[in-house]
Structure formats: C-alpha cells, structure tokens
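Heads up, the thing below is written out as structure tokens.
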Ligand SMILES: C[S@@+](CC[C@H](N)C(=O)[O-])C[C@H]1O[C@@H](n2cnc3c(N)ncnc32)[C@H](O)[C@@H]1O
Ligand code: SF4
Ligand code: SF4
C-alpha cells in the first residue's frame, strides 16, 4: 500500500517535472508496428494507404531497429508496450518482437482484428510471453461486425481467435495473457450494449473496453455517428471519456508515455500520428496539424534523448493549460490518476525550461 508520505513525495516530484517540462516516468511505449491492414473498416482509413503511400512515409522499422528501441525503453524504465497498427499480426516477426520485449521484462499487449489469430499463432504468442491481447469485436451480431469491418466472416474469425488464446492459456495453466474485447460503439450498436456485455461474459473474457466511434473518420454518417444524447447513455460505461473532456482539463499523458509510428517517428500520443489520421483523399490529416507533433525519429536519436529533448519539452510546455489542438477534441485517454486531481494546483505553477533548476 502506498503510504501518505510516499503519495505526497510523488506529487511533489511530479509537480517539479511539470514545472520544468521534463518527463516524470516513461512507463509505457505505444509501438505501432505496421501501417498495413487486412480489414476494410468503415471508421478507419489506415487500410486505404497503398504501398506507394506508405513508402512515401519511409520504410517500416526492421526487427533489429525495434529491438534497439525496446532496449532503450527498458533502460528508461518502460514496463509495458502496446503493439498496434494497422494490423500487428501482419508482421511476420511479431512473435519475435513479443519475445524480445519479454526478455527485457517488458509486458507486451497486442491489439488485433483477429483475422490472423489462428491456433498456431495463439500458441506462439503465448509461448513468447504475451502479457495481454485485445481483440476487436464491434457487435454481438456477426452481420453488423462484418459490415463495419468490411470483411465477411471476420466476426467468427475474431471469436475463434479469442477462443484459441483461452484454450492455450488454460491448457498451460497460465494467468497471462489477459484477454479483452475492444468494442466500437456506434449509433447502430447502442441498443446492443447489454447483449455485448452478455456475450463477453459468455466468452469468459477478462473485460470489454468500449470505444465510442470517433466521428471524424470516413463514412461515419448519421447511421453510425454518435451525438450528445448518445454520450449521456454511454456515460456509465467503465473507461468512457466523453469527447471534449480535454477542452477543460489538463492533459498529463506526455509526462508518462510516448507513441512510435511504424517508421520510427515519435509522437506524444496516437492521435498525433498522421498515418492513422489521413482523410479520404489521403492528402491531409484529419486534425490538419499532426505533422508538427513529431518529436524526432529513433533512426536519428535515442528514445531517451527524444523523451526529454527540445521538441518534447516544448510540446509539454503547451500543455500547462487545457490543450487546444484539434486532435484533442476526440481524445478518449483516461485522465491520468492520481495526478489529474492536482490540476487546480498545477495550473498555478509557473513553468521554466531550465533543466538544471530541478
Ligand atoms: C487502430 S486499431 C489497430 C488494431 C487492429 N487493427 C484492430 O482493429 O483491432 C485499434 C483500435 O482502434 C479502434 N478504432 C479505429 N478507428 C476508430 C474510430 N474512428 N473510432 C474509435 N475507435 C476506432 C479499432 O476498433 C481498434 O479496436
Ligand atoms: S480499425 Fe484496425 S482492422 Fe480496421 S482498418 Fe483500422 S487498423 Fe485495420
Ligand atoms: S490528443 Fe491531446 S489530450 Fe489526448 S493525449 Fe494527445 S495531446 Fe493529450
């Protein structure tokens, strides 16, 4: 149990890091391993990037390059990585990435649409020491899920994949990986929330994370798009953060984590990654301003140099007030407990970029 004195000490240390725009604790790194995808989801444009468009952004990091970043991350104290994409199972070396993270005592959590989650893959992932998996399942109705994801039969493949994971885990008597469902909530699925929870219970997963549709994506028309009234229905769901939350609240994320895109570019959060946020023409990012959030590339600098480098400190410097970037309007990151409770005090602390003053 954390004592009162320890809590006060942590709060003080955080306030100092806050003041100087220096990271507090790099605990998690989101590693977006691939920009490729084998689904055709209506709410996401990643799959529309063809080979040519991806090559314009650079080449995806090799296993050795990812291993170097993970080694630096472990040295910096990172204890967990989220492996996402695109579709991370499209990388032939994904098992090696999980195993390498494990060898560094980093717990890897994998986000997948489940299309490639065969029995063999489930075995390999578990043998490699996967810490957790989140399989996307957007509806208890197979037809609606397949329609949203643009792939016939994907609902069944995702459920089968999840069962393979459970069977291997059970057969080996393991407590890891944790197995969660990630469920997109659209206007059409609102009346199915109870059925979704029931399905999750029947499947015996560790939990469901509901992801309300970020409306600013392709084809999210009135049939799917959520409005204010819908948000009040969703307010009771665990982990639900109402779009617009950060209009009036401080964002503390960049004091705790970083996000890397498949090309080695580092960003303060996944919402800032241009490749995930392209519009239908694939010319512009949805937010219009993602480019300027790049903090450096791991091919040119070490992760630690980027973590407290000039660009990251300048970015943190802009967060001493509630963030005003267009991407933040849709941000669904959970407020960072317990430090978010300090926001009244934090707003009164004058910032300085003098590193040696700390
Ligand atoms: C970007 S995907 C990457 C992992 C994998 N391809 C998948 O679909 O699970 C991670 C999660 O983001 C969710 N997502 C994608 N577009 C979204 C949107 N417009 N609004 C809310 N969630 C979205 C997906 O449903 C998925 O659960
Ligand atoms: S949500 Fe996932 S599965 Fe769907 S297109 Fe995007 S990256 Fe691919
Ligand atoms: S989108 Fe904005 S509020 Fe959300 S983590 Fe990124 S910077 Fe913070």
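Numbering (the working numbering), first residue to last: 172 to 529. Beta carbons: idealized from backbone N, C-alpha and C, even for Gly.
| query | Is residue 488 helix, strand or coil when you go by DSSP? | reply | helix
| message | For a quick check, are the C-beta atoms of residue 443 and residue 467 less than 9 angstroms apart? | response | no
| query | Cα separation between residue 492 and residue 357? | reply | 31 angstroms
| request: Give the straight-line distance between the Cα atoms of residue 304 and residue 231, rounded to the nearest whole angstrom. | output: 23 angstroms
| In whole angstroms, what separates the C-alpha of residue 181 from that of residue 194? | 13 angstroms
| Classification of residue 519 by the beta-carbon crowding that lies within 10 angstroms, buried from 16 upward | exposed
| query | Run through DSSP, which three-state label would residue 332 get? | reply | helix
| field | CA nearest to the CA of residue 289, picked from 189, 337, 267, 320 | value | 337
| residue 265: buried (16+ other C-beta within 10 angstroms of its C-beta) or exposed? | buried
| request: Specify, as a first and last residue, the run of the alpha helix (DSSP H) that residue 190 falls within. | output: 175 to 191
| request: From the DSSP output, in three-state form, read off residue 277 for me. | output: coil
| message | Let me check you understand the geometry: is the CB of residue 318 closer than 8 angstroms to at least one non-hydrogen atom of ligand 2? | response | no
| query | Who are the Cβ neighbours of residue 311 in its own chain at under 8 angstroms, not counting the five residues just before and after it? | reply | 363, 366, 367, 369, 370
| request: Check whether the Cβ of residue 214 lies closer than 8 angstroms to any heavy atom of ligand 1, and answer yes or no. | output: yes
| field | Option nearest residue 411 by Cα separation, candidates 418, 383, 417 | value | 383
| task | Can you tell me which of 323, 328, 226, 380 puts its alpha carbon nearest to the alpha carbon of residue 349? | result | 380
| Does the Cβ-Cβ distance between residue 269 and residue 245 come in under 9 angstroms? | no
| request: My understanding is that residue 425 touches residue 464, with C-beta atoms under 8 angstroms, so please give their C-beta distance in whole angstroms. | output: Rounded, the Cβ-Cβ distance is 10 angstroms, inconsistent with contact.
| field | residue 509 in three-state terms, based on DSSP | value | coil
| Who are the Cβ neighbours of residue 247 in its own chain at under 8 angstroms, not counting the five residues just before and after it? | 197, 474, 475, 478
| said: Quick check on the burial criterion: 16 or more other C-beta atoms within 10 angstroms. Buried or exposed for residue 278? | reply: buried
| request: Kindly indicate the opening and closing residues of the alpha helix (DSSP H) around residue 302. | output: Taken as a continuous stretch (DSSP letters only), residue 302 belongs to no alpha helix (DSSP H), as it is neither H nor E.
| request: Measure the C-alpha to C-alpha separation of residue 404 and residue 309 and round it to an integer number of angstroms. | output: 17 angstroms
| Buried or exposed: where does residue 525 fall if 16 or more other Cβ atoms within 10 Å of its Cβ makes it buried? | exposed
| task | State the Cα-Cα distance for the pair residue 234 and residue 216, rounded to the nearest angstrom. | result | 25 angstroms
| said: Applying the 10 Å Cβ sphere with the 16-neighbour rule, what's the burial state of residue 286? | reply: buried
| query | Can you tell me whether DSSP reads residue 368 as helix, strand or coil? | reply | helix
| With 16 other CB atoms within 10 Å as the buried threshold, where does residue 317 fall? | buried
| message | Is it buried or exposed, residue 435, if we count other Cβ atoms within 10 angstroms and call 16 or more buried? | response | buried
| In its own chain, which residues sit with a C-beta less than 7 angstroms from the C-beta of residue 529, not counting the 5 before and 5 after it? | Note on residue 529: pLDDT 49, under 50, position unreliable in the model; the coordinate value appears next. Excluding sequence neighbours, residue 529 sits near 187, 191, 193.
| Reference residue 267; option with closest CA among 258, 295, 242 | 295
| task | Could you name each continuous beta strand (DSSP E) segment of 3 residues or more that falls completely within the segment 371 to 418, going from the start of the chain to the end? | result | 378 to 383
| task | Using the DSSP secondary-structure output, state which residues sit across from residue 269 in a beta bridge. | result | Partner(s): none; residue 269 has no beta bridge.
| request: Check whether the Cβ of residue 217 sits closer than 8 angstroms to any heavy atom of ligand 2, and report yes or no. | output: yes
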